[in-house]
Each structure stands twice: as structure tokens, then as C-alpha cells.
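**Student:**
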Amino acid sequence: MSFVKKSFGVVFVLLLMVGMTACSSEGGTYDEVMERGYIEFSMSGGYPPFNYYNDDGELVGFDVEIAEEVANRLNVESKPVTAPFDGLIFGLQTGDFDGILGSMAITEDRKENVSFSNPYYYSGAQIFVREDSDINGIDDITDSHQVAVVIGTTFEDVVAETGAEIVPLEDDAEVLRQLDSGDVDAIVTDYLVGIINIEEQGFDFRPAGEFLYTEEMAVAFRQGDDELVKAVNQALEDMMEDGTYKEISNSYFGTDISEPR
64 MSFVKKSFGV
74 VFVLLLMVGM
84 TACSSEGGTY
94 DEVMERGYIE
104 FSMSGGYPPF
114 NYYNDDGELV
124 GFDVEIAEEV
134 ANRLNVESKP
144 VTAPFDGLIF
154 GLQTGDFDGI
164 LGSMAITEDR
174 KENVSFSNPY
184 YYSGAQIFVR
194 EDSDINGIDD
204 ITDSHQVAVV
214 IGTTFEDVVA
224 ETGAEIVPLE
234 DDAEVLRQLD
244 SGDVDAIVTD
254 YLVGIINIEE
264 QGFDFRPAGE
274 FLYTEEMAVA
284 FRQGDDELVK
294 AVNQALEDMM
304 EDGTYKEISN
314 SYFGTDISEP
324 R
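Written out as C-alpha cells, the structure reads:
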């Protein structure tokens with residue numbers, strides 16, 4: 064065997080080992096989750112009040128509490144992790160975590176890459192503007208406007224149809240700040256996110272028009288993790304039946320968001 068062939072063989076083995084290492088991860092199937100005793104759900108960490116870091120640097124919010132309760136009913140510990148929203152599906156597919164419990168809407172495109180649980184809440188896409196804006200709905204937005212959205216969300220598509228300049232940002236905390244500072248003319252976000260932040264942060268915003276569309280939010284899993292999907296669906300169903308879900312929902316929104324509105 065020549066030196067070239069030997070070198071090629073060594074390089075090939077090293078590349079194979081690197082590839083195997085890159086593919087290995089903490090993300091696991093139902094049996095693996097049960098064996099190690101914890102489950103990792105990912106979320107952006109910048110989507111108040113659903114998942115965000117408080118002033119003490121703690122990850123809190125509705126999604127975080129739902130994840131904790133789901134884990135409790137699976138008899139494992141909850142270990143939520145954060146990553147940019149537009150990278151969540153890739154991270155799931157490469158095994159960086161077990162699922163996405165971070166207010167991800169069910170779409171046909173996403174269903175090609177992940178499996179979804181049953182919806183755990185319903186909401187709608189909403190335009191928000193400052194109180195003094197002359198924008199009163201989607202028809203008032205033109206190519207002269209700048210509209211901020213979180214990159215990787217379904218909101219990008221609806222803004223693109225208006226011809227407006229899209230300002231893509233990493234999370235909703237930044238989206239809200241951009242509107243508050245007057246750097247953009249409007250934002251599109253979840254209705255509940257906008258309303259709660261107007262109330263709690265005192266933003267001088269208002270919703271412009273009706274829902275652009277309604278969304279079903281669900282937990283995403285790798286395709287083939289059917290047993291884990293089934294277990295989480297059962298946990299969510301039990302939470303809704305025994306009143307635990309309603310209690311958590313009421314503490315954030317003053318209403319039960321598990322039903323379409």
C-alpha cells in the first residue's frame with residue numbers, strides 16, 4: 064500500500080470519527096429520556112411571557128412551566144435549553160435536545176421535517192403599531208414601511224406579501240424594543256405576546272386590525288419519536304382534564320388558551 068493510500072485511509076477514518084461525534088447528542092427517544100431521568104425542551108428564551116430570561120437571569124414563562132409539568136408527569140426532570148428560534152428545528156434534527164416546547168406553530172412545511180404533538184395553545188398573528196400610527200390594518204402597510212419580525216417565524220411570509228421592508232430579528236424582546244424606539248413602523252407577533260407586554264411593560268402600542276391568521280402551537284419532535292410524542296400528548300391531555308393547565312394559563316393570561324378563540 065502506498066503512502067498516499069495509507070494517508071487517505073487515516074484521513075477517512077478521522078473524518079468518519081468526527082462525523083460520528085457530530086451526530087452524537089443528548090437528544091434521545093422515549094426510552095433514552097426515561098433512562099437518563101430528564102428531558103430537554105428547547106425554546107428561544109426571548110419570547111415573553113412564554114419563555115424569557117427575567118432580571119435575575121432565570122428562564123421563566125408559560126412554556127417553561129408547561130415543560131416542567133410535562134416532565135413531572137413523565138417522572139423525569141425538566142432541563143429547558145435556549146437557542147435562536149430559526150435554528151430550533153435544525154438543532155432538534157441533529158439531536159441537540161429532545162423536543163421544541165417554545166410556541167412553535169404547526170405548519171405544513173414544518174411537518175415535513177418534524178412531528179408535532181397535539182396543540183397546547185391557540186393564538187393569532189397580529190400587527191402592532193404605536194398609538195400615533197396611521198396604520199390600521201394589513202392593507203395600510205406598503206413598501207415604504209419597515210416591519211420587524213422574528214426570523215424563522217410564519218410572520219415573515221405575511222409581511223413579505225405587503226412589499227414592506229422586513230426587519231428580521233432574533234427574538235420578540237428585540238422586536239418590541241424596535242417598535243418602542245420608533246426604529247420600525249410596525250411589528251407582527253403573537254397577539255398574546257403583544258397584549259401582555261403592553262400591559263406589563265407599558266408600551267404605547269395598539270393592535271392594528273384583526274388577527275392575520277390563527278395558529279396552533281404544539282411541541283415538535285424528531286420524526287420517528289412516536290412514543291415520546293404519545294407520552295407528551297397524554298401528559299398535556301391529563302393537565303387539561305385535571306385543571307393544572309388552566310391554572311397555569313390563568314396565571315399568565317387570565318384565561319384558558321387551550322381552546323381556539
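Take 64 as the starting number for the sequence shown in the numbering used here and just add one per residue.
Just so it is clear, CB atoms sit at the ideal spot from N, CA and C, and this is done for glycine as well.
In this text the structure is predicted, and so the values were computed from the model without any measurement.
(1) Is residue 340 helix, strand or coil by DSSP?
(2) Which two residues bound the contiguous beta strand (DSSP E) that contains residue 324?
(3) Using the DSSP secondary-structure output, state which residues sit across from residue 252 in a beta bridge.
(4) So, are the CB atoms of residue 124 and residue 114 less than 7 Å apart?
(5) Is residue 223 helix, strand or coil by DSSP?
(6) Could you round the C-beta distance between residue 205 and residue 227 to whole angstroms and report it? I think they count as a contact, below 8 Å.
(7) Let me know the secondary structure DSSP gives residue 239 once reduced to three states.
(8) Just curious, the alpha helix (DSSP H) that residue 307 is in, first and last residue?
(9) With 16 as the cutoff for other CB atoms within 10 Å, does residue 276 come out buried or exposed?
(10) How many Å lie between residue 244 and residue 304 at the Cα?
(11) What three-state label does DSSP hand residue 114 in the structure shown?
(12) What ranges does the beta strand (DSSP E) occupy inside the segment 147-222, keeping only unbroken runs of at least 3 residues that lie completely in it?
**Tutor:** So, from the data block:
(1) With the chain represented from 64 up to 324, any question about residue 340 goes unanswered, as that position is not in the structure.
(2) Unbroken run through residue 324: none, as it is neither H nor E.
(3) 189
(4) yes
(5) helix
(6) 7 Å
(7) helix
(8) 307-316
(9) exposed
(10) 43 Å
(11) strand
(12) 162-168, 177-179, 184-193 and 209-213
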